[in-house]
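Worksheet for the structure shown next.
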Amino acid sequence: MRILLADDQNEIRLLTVEQLQQAGHVVVDVPDGAAALAEFDRSPFDVVLLDEHMPTLNGIDVLRAIRAKRPAQRQIVIALTGYNTEPDRVRLLREGFDSVIGKPFRLQQLEATLLSLLDARRLAPAGASPPPAPVPTIAGDILRSVGGDKKLLLRMIQIFLRDSPKRLSEIAAAIRSNRSEDLAFAAHALKGSVAIFGGDAARQKCQELQELGRRGELSQAAATFELLKVEIAKLEANLRGYAGQTSFSVQESSQKRKRPGSGARRKPR
Amino acid sequence: MAAILVTDDDATTRQMVRGVLKKAGHDVATAGDGISALRAIQKRKFDIVLLDIWMPKLTGLGLIGHLHDVKHIPKIVVMTSDSTSDTLLDALRGRVYQYLKKPLDATTLLTTVENAISTSPEVPAIEVISANTHWVELMVPCERSVVARVQSFLMHIDVDLSPDVIEKVGYAFRELLNNAIEWGGHLDPNLKVRVSYIRTKKLLMYRLDDPGPGFKIEDLKHAAINNPADNPMAHMQEREAKGLRPGGLGLMLTQQLVDELVYNEKRNSVVLIKYL
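Keeping their order, the protein sequence lines are chains R and C. FYI, numbering that gives the first Met the number 0 numbers position 17 of the first sequence as 16, with every residue one higher than the one before it. FYI, numbering that gives the first Met the number 0 numbers position 139 of the second sequence as 138, with every residue one higher than the one before it.
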């Protein structure tokens, strides 16, 4: 099998590579998340093994990017973690990893996990689509934060959906032309509106880009920007869904208000 | 109703703040950057300016620096998600009325605006004696709205502490400052409480010196701290008889929330310590 392994702890990574190679696998190993994503883009892998905590992009960041890049293809991605408690396993499985293996692990353990995942895939009906990713929903506290005013929230969503592509292009242009101050301002402004809608993952990525811009360190910015785009797309889809449902109910209730007692009037015979 | 200028380079935030304030009956104008905001302030009178810090062309703090030329200086409420201690201290030095942390919510926004409107222009400003990250010292007028204002700055300096510690210390500090302005300063805005905040590696300390003559703990029949062991509700009966607002649990709770609470002999100075 072709395996991509990302782990920043050199000793563990090299030991794992050796074990996997002895078992006949082809391994590409990288020391951080950004490099993992670059390798993933370059060539196909049967399995991706991601350490949870890594510099540049952590394991969860890389997983999200992989899922977003090839949503139709069910890439097997396994988390490697030093925190192998039940709550940690559940948290990582909820993030979308196919399985979680605690470090240090034995080769047999990894092979058993791989075999069961491949078996499950073979047993799945042909053409079965992957399980849909959980869709985040607009929480009640966002509506409360605008004083329960649905119309105002809808208008804010419209403005956000209108402006976010513009902000993303500003960020892209700033990264492309190495203008760190512009990057910081654009990321900051986008962060403001993202935070209103509770897009925590997107807010975090804006914050990271803002910091990179302020420090003038643009080398990692492109990788972070890729992840930001993924998170913004999710937030936009969520907001569009909410706006679609809510505008209908807002229209409906305002029509009811416009026709008070309409049911009481009867046509003369 | 107040005339309010909302300045933020993010259109969604402008729309939100404008929408909430307009619905509450205020006259709201908006600006998308510091320069347009400055022009608007030079052109007409605003009671309050809600100001983002980080904006292109002219930052919020840069704008404050230009305000001395303006005939009618509005009350400035800073709203930002970047609560670095330097930003906060610069805002304090710039005589910012209050600090709001983003993301905003309608209730906090409206309460802040209502407080700002009800604070009379005669109330003296908060005087900054020291404003560095280890030592902040302020002279604050004995007036109710000052408590939320001072707290909005001081409680955001310690971003590195856990929310639990910030909440406990915040509660204790608020209680002591309320006591100082109410009992020590008799809510007279011409009298001032000296508030000192000192932060070292191992502790966080507040000292409050009020302008009153002090008090005797045994005279505090209206406070739960003096209740006899067999009557834990004695202070409530005393408060009702004196026509005081319900409460009186402050000192007792405060003692439990921090590590040390030390008074001077007259009891008009108090030191609160939380070990880190």
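No residue lacks a Cβ here, since even glycine has one placed at the ideal position from N, Cα and C.
Residue i: contacting residues in chain C (beta-carbon distance under 8 angstroms)
i	result
Arg154(R)	Gln14, Gly18
Leu151(R)	Gln14, Met15, Gly18, Val19, Lys22
Minimum Cβ-Cβ distance from residue i to chain R less than 8 angstroms
i	result
Thr11(C)	yes
Ala105(C)	yes
Lys276(C)	Missing from the structure shown is residue 276(C); chain C here goes from 0 to 275 and no further.
Pro162(C)	no
Trp53(C)	yes
Member of the options whose CA lies at the smallest distance from the CA of residue i
i	options	result
Gly32(R)	Gln219(R), Glu235(R), Lys233(R), Ala236(R)	Gln219(R)
Gly184(C)	Ala223(C), Val158(C), Arg143(C), Ala171(C)	Arg143(C)
Gln20(R)	Leu217(R), Leu106(R), Glu230(R), Met155(R)	Leu106(R)
Leu3(R)	Phe96(R), Asp45(R), Leu114(R)	Asp45(R)
Asp40(R)	His24(R), Gln209(R), Ile65(R), Gly58(R)	Ile65(R)
Glu51(R)	Gln206(R), Ser98(R), Ile141(R), Lys150(R)	Ser98(R)
Met138(C)	Ala179(C), Ile63(C), Val77(C)	Ala179(C)
Asn263(C)	Glu237(C), Ala223(C), Asp46(C), Pro212(C)	Pro212(C)
Met0(R)	Leu142(R), Leu234(R), Gly197(R), Leu117(R)	Leu117(R)
Leu176(C)	Val192(C), Glu166(C), Pro162(C), His67(C)	Val192(C)
Gly197(R)	Ala221(R), Ala186(R), Glu235(R)	Glu235(R)
Thr6(C)	Asp209(C), Val77(C), Met204(C)	Val77(C)
Lys100(C)	Ala223(C), Ile156(C), Ile128(C)	Ile156(C)
Asn189(C)	Asp32(C), Glu126(C), Gln236(C)	Glu126(C)
Gln255(C)	Ile272(C), Glu239(C), Ser268(C)	Ile272(C)
Phe275(R)	Met53(R), Tyr82(R), Ala201(R)	Since the first residue shown for chain R is 0 and the last is 268, residue 275(R) is missing from the structure and cannot be characterised.
Lys241(C)	Pro231(C), Asp159(C), Ala222(C)	Ala222(C)
Per-residue contacts from residue i into chain R (C-beta, under 8 angstroms)
i	result
Pro123(C)	Residues of chain R passing the Cβ test: none, with the nearest at roughly 33 angstroms.
Per-residue contacts from residue i into chain C (C-beta, under 9 angstroms)
i	result
Val145(R)	Met15, Gly18, Val19, Asp104, Ala105
Asp162(R)	Asp9, Ala10, Thr11
Phe184(R)	Asp8, Trp53, Met54, Pro55
Sub-8 angstroms separation of residue i and residue j beta-carbons
i	j	result
Pro102(C)	Phe184(R)	no
Ser179(R)	Gly212(R)	yes
Trp53(C)	Thr29(C)	no
Leu207(C)	Leu275(C)	no
Leu49(R)	Leu62(R)	yes
Thr106(C)	Ser192(R)	no
Leu50(C)	Gly93(C)	no
Asp28(R)	Val16(R)	yes
Leu217(R)	Leu182(R)	yes
Lys102(R)	Ile11(R)	yes
Leu91(C)	Phe152(C)	yes
Leu160(R)	Leu238(R)	yes
Pro73(C)	Ile34(C)	no
Asp32(C)	Ala2(C)	no
Leu88(C)	Asn131(C)	yes
Ile224(C)	Leu260(C)	no
Phe155(R)	Ile195(R)	Correcting the residue identity first, residue 155(R) is Met in this sequence and not Phe. In contact: Met155(R) and Ile195(R) (Cβ atoms closer than 8 angstroms).
Met204(C)	Val270(C)	yes
Leu227(R)	Cys205(R)	yes
Leu189(R)	Ser163(R)	yes
Contact set between residue i and chain C, taken where Cβ atoms lie within less than 7 angstroms
i	result
Ala194(R)	Ser80, Lys101, Pro102
Lys190(R)	Ser80
Asp148(R)	Gly18, Lys22
Phe159(R)	Thr11
His187(R)	Trp53
Residue-chain proximity (residue i, chain C), Cβ-Cβ < 8 angstroms
i	result
His24(R)	no
Pro135(R)	Low confidence applies to Pro135(R): its pLDDT is 39, below 50, so where it sits in the model is not reliable, and the reading given next is rough at best. By this cut-off, Pro135(R) is not an interface position.
Ala263(R)	Annotation note: pLDDT 43 at Ala263(R) (below 50); position unreliable, no value reported.
### Message
As an exercise, report each continuous alpha helix (DSSP H) stretch of at least 4 residues that is fully enclosed by the region 190-246 of chain R, in chain order.
### Response
List check, alpha helix (DSSP H) in window: 199-214.
### Query
Which residue spans inside the region 112-157 of chain C form an unbroken beta strand (DSSP E) run of at least 3?
DSSP runs (the beta strand (DSSP E)) wholly in the region 112-157 of chain C: 126-131, 134-140.
### Message
My parser needs the beta strand (DSSP E) runs of 3 or more residues fully inside the region 221-267 of chain C; what are they?
### Response
Entirely contained in the region 221-267 of chain C, the beta strand (DSSP E) runs reaching 3 residues are, in chain order, 259-262.
#### Entry: Residue ranges of each beta strand (DSSP E) within the region 49-108 of chain C, 3 or longer
74-79, 97-100, all fully within the region 49-108 of chain C.
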